[in-house]
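Start counting the sequence shown at 1; every next residue gets the next number (the UniProt record's numbering). This report concerns only the one structure given below.
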Amino acid sequence: QVIGSLEDAGVGLTPDTLTFSDFPSGFTFRDVVFFLLFDCLLWGVLSWYLNRVVRGDYGRPRPFYFPFTRQYWCPGGGGTVSGEREEAEAATLRSAQGTGGIIPIEPASDALKAQDNNVHIRGLTKKYGDKVAVDGLNLSMYSGQVTALLGHNGAGKTTTINMLTGMVAPTSGHASISGKDIRTQMGAIRNDVGICLQHDCLFPQLTVKEHLQFFSRIKGLYDSKSRKEADKMVMDAIEDVALGEKRDTYSKDLSGGMKRKLSVAIAFCGGSKTVFLDEPTSGMDPFSRRFTWNVIRQYRQDRTIILTTHFMDE
């Protein structure tokens, strides 16, 4: 309407007529620009705030006062100090002794404890109403090892992984991944984490190669390496999971076992230092399962791998 009124007045919209008005209220085109910029700023800030405070089924909401906390603007890189960690471990042992729980019988060496990519879980609990899905889990997992969470369906294996990856918030307890707290530093944790979900999350219109290229770009592989080096790493990953002949095949045309292999390759792509594999061999034939085990062994160096399964032989 403002531009139309300027045209009707025979002056048109020019830099000289930004403050010209033919309305009784004196509304000008400069006012239009001002309110548009104001709306962009207002709704942008409101969206940024609500996206962090109000979460749906996934993710951990921040407290409503988070913009005024130092932790949000200066998260820092360190995790729990050694004194706090030793105190937490001592409390865990005291609790286990007092309740008849099981005390770990495989002590970790100082060399294992000193590694950067370790995962420490302390008192992790998740409740859905009156149902306890995970009850005070205490566990330490170390780089270079494959830790298997064995249990029947509904035992809480997937819930544990969901809490460690920030998909759901724990009811109580805490955990650290590579020295970073999952309660306050999940954004930094995700940079070095790979996950193979229980169900395949693939794009039907992307090929095997395009999947790995896509997720490698998200993980920053193409920023840290030259394109030639990154493409070679992608092709090597495809060969490692025996999908070389299917690299240009759409994921919708792959068999169930091949889709699981692709999901495993995606979890390791981009140099992920902590990898969660939620029943990675489900739907595979015995030969493919054995092959996948060898792939996991091959990739475990300098990585902390957490694998869930209900197969005793795994």
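For glycine and all other residues, C-beta sits at the position ideal for the given N, C-alpha and C.
Are at least three pairs of beta-carbons, each pair with one atom in the stretch 264–271 and one in the stretch 240–255, less than 8 Å apart?
yes
Are the stretch 122–133 and the stretch 151–165 touching by the rule of at least three beta carbon pairs closer than 8 Å?
yes
Compare the beta carbon distance of arginine 297 and valine 275 with 7 Å and say whether it is the shorter of the two.
no
Please report how far the alpha carbon of valine 168 lies from the alpha carbon of phenylalanine 64, in whole angstroms.
18 Å
Could you check whether proline 204 and lysine 246 sit closer than 7 Å to each other, using their CB atoms as the reference points?
no
Proximity of isoleucine 161 and aspartate 278 at Cβ, strictly below 7 Å
yes
Threshold first: 3 residues or longer. Then list the beta strand (DSSP E) segments lying entirely within the stretch 166–253, N to C.
172–177 and 193–196
Quick one: any contact between the stretch 29–48 and the stretch 2–10, if contact means 3 or more CB pairs under 8 Å?
yes
Along the chain, where does the alpha helix (DSSP H) containing threonine 159 start, and where does it finish?
157–164
State buried or exposed for alanine 237, treating a residue as buried only when at least 16 other CB atoms are found within 10 Å of its CB.
buried
So, are the CB atoms of arginine 122 and glycine 173 less than 7 Å apart?
yes
Reduced DSSP secondary structure (H/G/I, E/B, other) of threonine 308
strand
Could you name the residues that DSSP lists as bridge partners for arginine 277?
A quick correction: the sequence has leucine, not arginine, at residue 277. Beta-bridge pairing links leucine 277 to Cys196 and Leu307.
In the DSSP assignment, find the alpha helix (DSSP H) that holds asparagine 294 and state where it starts and stops.
286–299
Output the boundary residues of the beta strand (DSSP E) element that contains serine 140.
131–141
Taking the beta carbon of threonine 14 as the centre, do at least 16 other beta carbons fall within 10 Å, making it buried, or is it exposed?
exposed
Under a three-way DSSP split, which group does valine 11 fall into?
coil
Can you tell me which of the three DSSP states leucine 41 falls into?
helix
Specify the secondary structure class of aspartate 114 as computed by DSSP and reduced to three states.
The residue asked about is misnamed: residue 114 is alanine in this sequence, not aspartate. Reduced to three states, the DSSP call for alanine 114 is coil.
Give me the residue from Glu314, Ile189 and His120 with the minimum Cα distance to lysine 273.
Ile189
Just to confirm the assignment, what range does the beta strand (DSSP E) spanning glycine 123 have?
119–128
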